[in-house]
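Asker: Going down the list, the protein sequences come from chains A and B.
Numbered by the UniProt record's numbering, the letters in the first sequence go through residues 1 to 537 in order.
Numbered by the UniProt record's numbering, the letters in the second sequence go through residues 1 to 537 in order.
Sharing a structure here in structure tokens format.
Protein chains: 2
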Amino acid sequence: MMHGDLLITSMLERAENLFPEKKVISRTGEKVHRLTYREIGRRTRQLASTLQKSGLQRGQKAGTLAWNHHRHLELYFALPAVGAVVHTINIRLSPEHIVYIINHAEDELLFVDADILPLVEAVYDKLTTVKAVIVMTDEALPETNISPVYSYEEWIADGDPEFSFPDDIKETDPAGMCFTSATTGNPKGVVYTHRSTVLHSMSLSLADSAALSESDTLLPVVPMFHVNAWGLPYASTWMGATQVLPGPRFTPGLLAGMLQDEQVTVTAGVPTIWLALLKELDEGNYDVSALRAVICGGSAAPAGMIRTFEEKYDVPFLHAYGMTETSPLVTVSRLKSYQQDLTGDDRLAVRARQGLLVPGVEMKVVGSGGTVAWDDEEMGELLLRGPWIADSYYKDDRSDDTFRDGWLHTGDVCTVDKEGTIKIVDRTKDLIKSGGEWISSVDLENELMAHEDVFEASVVAVPDPQWQERPVACVVLHEGREENKEVLLHHLEQRFAKWWLPDDVLFMEEIPKTSVGKFLKRELRDQVQQRLEAKRR
Amino acid sequence: MMHGDLLITSMLERAENLFPEKKVISRTGEKVHRLTYREIGRRTRQLASTLQKSGLQRGQKAGTLAWNHHRHLELYFALPAVGAVVHTINIRLSPEHIVYIINHAEDELLFVDADILPLVEAVYDKLTTVKAVIVMTDEALPETNISPVYSYEEWIADGDPEFSFPDDIKETDPAGMCFTSATTGNPKGVVYTHRSTVLHSMSLSLADSAALSESDTLLPVVPMFHVNAWGLPYASTWMGATQVLPGPRFTPGLLAGMLQDEQVTVTAGVPTIWLALLKELDEGNYDVSALRAVICGGSAAPAGMIRTFEEKYDVPFLHAYGMTETSPLVTVSRLKSYQQDLTGDDRLAVRARQGLLVPGVEMKVVGSGGTVAWDDEEMGELLLRGPWIADSYYKDDRSDDTFRDGWLHTGDVCTVDKEGTIKIVDRTKDLIKSGGEWISSVDLENELMAHEDVFEASVVAVPDPQWQERPVACVVLHEGREENKEVLLHHLEQRFAKWWLPDDVLFMEEIPKTSVGKFLKRELRDQVQQRLEAKRR
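So this is what it looks like as structure tokens:
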């Protein structure tokens, strides 16, 4: 057999050759572009030839600080095409962390959206490796103290639209890079290869996974700086799907409008986005009937939300699980063929799990007594391996904690039911250890969020002299609902043992979240401590 | 990223772990077995441990002479699992060719169905490397002069059902082997690797390819000794689909009955099978409404047949193209999203083409003047490359003719339309060269078969003193239709230039076919020569 290196360029070339008239619809904030794959291909080749002329060497990195738009997509392909690495930077990180990761990755170039430029200006003198900044804008280059600085459109204008990509790239060459927040200390970098990206795209497009197809119109709400928007732009380009890239700072109304106007079939994002969208759909008069899947990941989706999408809007909800270290696709929640007759709560219970391993990755779930039984009771840490799972952090001493014995130790605790589907019950560090037993904060949160009064809920551990740790619930109510601790505790009592019930329920205006919309439990624990101490005083 | 070798065992393990209760329904001719993937997994491990105990070394081959059944499936997985090679032997080859390929492959063991054993007995003294024969039967070992000989069930009985597969197999290790007939001389061998098999299985299961899913019930009519039944058993096992393996010598009635009784959703085979099935469906009273795809390959499907499946039975017809050297999947004919509104003949015209490249392979179509235009007029030879395309024949001097400059030269001539879909118009060697121009025998055949009187038609070149070559049509009529040459020529006149029209139409009882149901044009040309000479006398 031919070796046939698995290369990112082959994905773009398929779209250029077979689907040249299909569109990428790109909102930059300044305007909405409607480009064909033929145009995207020619622009990507212009960009690639310019990158090569700029002197960027094999294996060198270029950072992006950008929203979801066509220029970002062009960088996704052009940088790996010339053997360089597209390092997508999470613009919601602290300035300190942004400086750290740009210097740690040794980014040679930065590609920055005009409205994000101030963020770079503020730290530019601390960047030790960046040789130039290219500003992505439809308009004139903004005033800036950065130098040298170029406008993206002018920079690529002299590039060759028929540039032939180098033919000596290997599938094991680095292609992408993304940093993930650490519990303490600086973010940790993960490097993707051509091979991992292509195989991940294939798995994403399988009929039993997200089933991406040429007939789809994809709108990734998940940012392109967050694990490559879960790999969706790569897979969608490969399949020739229409892409709708929603650009900067869009509101739930703008999102609902785009879903309707572009007849979007697949969209993807974190639970908080979908909560906001449901609210918008409830108030507005939108037709989102083209949707065939709402992919949800990043953190566990509340069952009530899944129910609303499926029952009220007839939109299948595709609960998925993964992390930066896993490219990210690991599991998808789909009903097995013999589960199709399930209805109501039974059906929802399957849908709300993180689901089944996609073809291509392997798992092991290890508890205190070794590999756990598939009884959905025993909890253990999820271990993963496969060709799109990281084997280390980029130049980072912390690698050995996470990557051991050939497995990625996810730090996520789960149970496995007899069907082999996993349910994440907690982060190892967020589990609540009460009287020698484990309490799942996630289970309590989901049950709280299933209550009609509750908009959001998060449960954290507080130190306890007698039990070591005890759970405390933090709750955001829907507007106009009454704060009633007893009602919520009674609600939990229906499902959980008495010793699982939170010692207190604190009502809040909002729950602090990470840059990607996950509950920020560290900060929440501090807030809870302060509130409890204030109460005691 | 982890390397994560792409291994065939991982496909079986997924079925064992995630779909242990799903079934493989296997007709052996003696009885019908209904085994779960748990049982298939345990039996495969018994077999693998026995293979290892037998002394079979890494890279050594074992031949199979067998129909489509569960024991053949177990060999598909167990041999590669222990680092050996499953060499599937086409039982319809001549005894001389069977002897050649067993000796050329250096098969150490032969796994043979009881009813095929006489074929092996007849040539056993000519086999130079075979150390033992294992007979696959539900009943007692038949009397035989072969020694040593074992019964499969007794042979594996002491094997370990919990055997751990070796963990040092590499993705580039050989895993399978299949021979393809040559125009002249001995068959040529193709060796598949773990990597090629896994990647091919993935491509086969993409939403825009055959979209194999856990919810499918697959019945491969295409034999497991023919390019691994097009790779379908591997992909189906991986996805956890139900498999119906139809065993030996089944009739159209038996096939229609199994499609109905097992609620088959996907079936696959060559056009002659589907012609016979349509006749059976027409006469019988079968419910095949569960079918979601009839995959058709091996040779071009007549448009009339596609129309009958789609319009009369509402069964989507998935025309595909490939060959032994390509694992085999290369193209699938699907309507693009913006072609969905096509109706009638326009729709059929798309469906009848071989279709679009599946993700993962690349093509180049080269005519006399270089790469052809995508105008559906210019003809050229189809060149292919990719990770499941062969790079040589096994220990064969003829490799250099076919594998050149990094491309497989298929010997198939095609045109490409503006959508990038290919239409095979002929084999390079079957094209008819008349007066310096090319005539496609396949185009003429398809148009003849679209006539209501015609059951089958094949067109061959006969030497011509003036024009070099001229076409002659060979036609098999439906029962009871009248032989009328003028009617058929008039039918062709509607579509083709006058110089394309066959010089003669010969009516026949049947058209000679290869062991896999393709027209045997070499033999047909000889028959035509004799008939024409007899006419002249």
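Using N, Cα and C, we set each Cβ at its ideal position, and we do this for glycine too.
What you are looking at is a predicted structure, and each value in this text was computed from that prediction instead of being measured.
Check this for me: beta carbons of TYR150 of chain A and ALA132 of chain A, under 8 Å apart or not?
Answerer: Closer than 8 Å, so yes.
Asker: For GLN339 of chain A, count neighbouring C-beta atoms within 10 Å of its own C-beta (all shown protein chains included) and say buried if the count is 16 or more, exposed if not.
Answerer: It is exposed - the Cβ of GLN339 of chain A has fewer than 16 other Cβ atoms within 10 Å.
Asker: Once the 5 residues before and after GLN468 of chain A are set aside, which same chain residues still bring their CB inside 6 Å of it?
Answerer: Taken in chain order, the residues that qualify are LYS433.
Asker: Can you grab the Cα-Cα spacing for the pair SER399 of chain B / THR197 of chain B, in whole Å?
Answerer: Their Cα atoms are separated by approximately 21 Å.
Asker: Quick one: does ASN41 of chain A have its CB under 8 Å from some CB of chain B?
Answerer: Before going on, a small fix: residue 41 of chain A reads as Gly here, not Asn. For GLY41 of chain A, the answer is no, since every Cβ of chain B falls outside 8 Å of its Cβ.
Asker: Use the C-beta contact count for PRO118 of chain B: other C-beta atoms within 10 angstroms, 16 or more gives buried, fewer gives exposed.
Answerer: Exposed, by the Cβ-count rule.
Asker: By the three-class DSSP mapping on this structure, what secondary structure does TYR394 of chain B have?
Answerer: Of the three classes helix, strand and coil, the one that applies to TYR394 of chain B here is coil, per DSSP.
Asker: Please look up how many angstroms separate the CB atoms of PRO252 of chain A and LEU277 of chain A, rounded, as I've assumed it's under 8 Å.
Answerer: At roughly 5 Å, the Cβ-Cβ gap stays under 8 Å, so PRO252 of chain A and LEU277 of chain A are in contact.
Asker: Residues of chain B with CB closer than 7 Å to the CB of SER337 of chain A, please, in chain order.
Answerer: Simply GLU214 and SER215.
Asker: Tell me, please, which residues DSSP counts as bridged to GLN468 of chain A.
Answerer: According to DSSP, which records beta bridges pairwise, GLN468 of chain A is partnered with A:SER434 and A:ASP464.
Asker: Would you check if the distance between the CB atom of GLY298 of chain A and the CB atom of GLY517 of chain A is smaller than 8 Å?
Answerer: Yes.
Asker: How is the beta strand (DSSP E) around HIS409 of chain B delimited, first residue to last?
Answerer: Segment 407-416, the beta strand (DSSP E) holding HIS409 of chain B.
Asker: On the three-state DSSP scale, how would you describe ALA157 of chain A?
Answerer: Three-state result, ALA157 of chain A: helix.
Asker: Tell me, please, whether the CB atom of HIS3 of chain A is closer than 8 Å to any CB atom in chain B?
Answerer: Yes, its Cβ sits closer than 8 Å to a Cβ of chain B.
Asker: Take LEU360 of chain A as the anchor and find which of B:HIS3, B:GLU445, B:SER10 and B:MET2 has the nearest alpha-carbon.
Answerer: Position check: residue 360 of chain A holds Gly in this sequence, whereas Leu was assumed. Considering only alpha carbons, the answer is B:SER10.
Asker: State the start and end residues of the unbroken beta strand (DSSP E) segment that holds LYS429 of chain A.
Answerer: Run containing LYS429 of chain A: none; DSSP gives neither H nor E here.
Asker: ASN446 of chain A and PRO246 of chain A: beta carbons closer than 8 Å?
Answerer: It is not a contact, given that the beta carbons lie outside the stated cut-off.
Asker: Assuming LYS61 of chain B and ALA84 of chain B make a contact with CB atoms under 8 Å, what is their CB distance in whole Å?
Answerer: Sure, about 7 Å apart at Cβ, within 8 Å.
Asker: Taking a contact to mean a Cβ-Cβ separation below 8 Å, would you say THR44 of chain B touches LEU12 of chain B in this structure?
Answerer: Their beta carbons are under 8 Å apart, which means THR44 of chain B touches LEU12 of chain B by this criterion.
Asker: Which of the three DSSP states, helix, strand or coil, is assigned to PRO271 of chain B?
Answerer: Helix at PRO271 of chain B.
Asker: Determine the closest residue to ALA320 of chain B out of B:ALA140, B:ALA210 and B:PRO471, with distance taken between C-alpha atoms.
Answerer: It is B:ALA210.
Asker: Do ILE511 of chain B and GLU452 of chain B have their beta-carbon atoms positioned less than 8 Å apart in this structure?
Answerer: Taking 8 Å as the Cβ cut-off, GLU452 of chain B and ILE511 of chain B do not qualify as a contacting pair.
Asker: Run through chain A and tell me which residues come within less than 7 Å of MET177 of chain B, C-beta to C-beta.
Answerer: Here the premise fails: no neighbours, minimum Cβ distance about 11 Å.
Asker: Can you list, in chain order, the residues of its chain with a C-beta nearer than 7 Å to that of LYS535 of chain B? Leave out the 5 residues immediately preceding and following it.
Answerer: Contacts found: none.
Asker: Among A:ASN145, A:PRO502, A:ASN285 and A:MET136, which has the Cα closest to the Cα of GLU154 of chain A?
Answerer: Looking at the Cα atoms, A:MET136 is the closest of the given residues.
Asker: Using a Cβ-Cβ cutoff of 8 Å, what residues of the stretch 295-307 of chain B are near chain A? List them in chain order.
Answerer: From the stretch 295-307 of chain B, no residue has a Cβ closer than 8 Å to chain A.
Asker: Is the CB-CB distance between VAL459 of chain B and ALA473 of chain B below 8 Å?
Answerer: Cβ atoms of VAL459 of chain B and ALA473 of chain B: closer than 8 Å.
Asker: Taking the runs of the beta strand (DSSP E) that are 3 residues or longer, which of them lie wholly in the stretch 252-312 of chain A?
Answerer: Runs of the beta strand (DSSP E) inside the stretch 252-312 of chain A: 266-269 and 293-296.
Asker: Closest by CA to ILE306 of chain B, which one among B:TRP274, B:THR324 and B:ARG292?
Answerer: Considering only alpha carbons, the answer is B:TRP274.
Asker: Which chain A residues are close to ASN17 of chain B, counting only those with a beta carbon under 7 Å from its beta carbon?
Answerer: Result: GLY420.
Asker: The alpha helix (DSSP H) with GLU445 of chain A in it runs from where to where?
Answerer: Its alpha helix (DSSP H) spans residues 441-449.
Asker: Along the chain, where does the beta strand (DSSP E) that runs through GLY247 of chain A open and close?
Answerer: Unbroken run through GLY247 of chain A: none, as it is neither H nor E.
Asker: Please state if the CB of PHE19 of chain B and the CB of GLU280 of chain B are separated by a distance shorter than 8 Å.
Answerer: For GLU280 of chain B and PHE19 of chain B, no; Cβs fall outside 8 Å.
Asker: PHE163 of chain B lies in the alpha helix (DSSP H); which residues open and close that run?
Answerer: Counting along the chain, PHE163 of chain B falls outside any alpha helix (DSSP H), and DSSP gives it neither H nor E.
Asker: DSSP three-state call for GLU21 of chain A: helix, strand or coil?
Answerer: Here GLU21 of chain A sits in coil by DSSP.
Asker: 8 Å is my cut-off, CB to CB: does GLY189 of chain A come that close to chain B?
Answerer: Closer than 8 Å: no.
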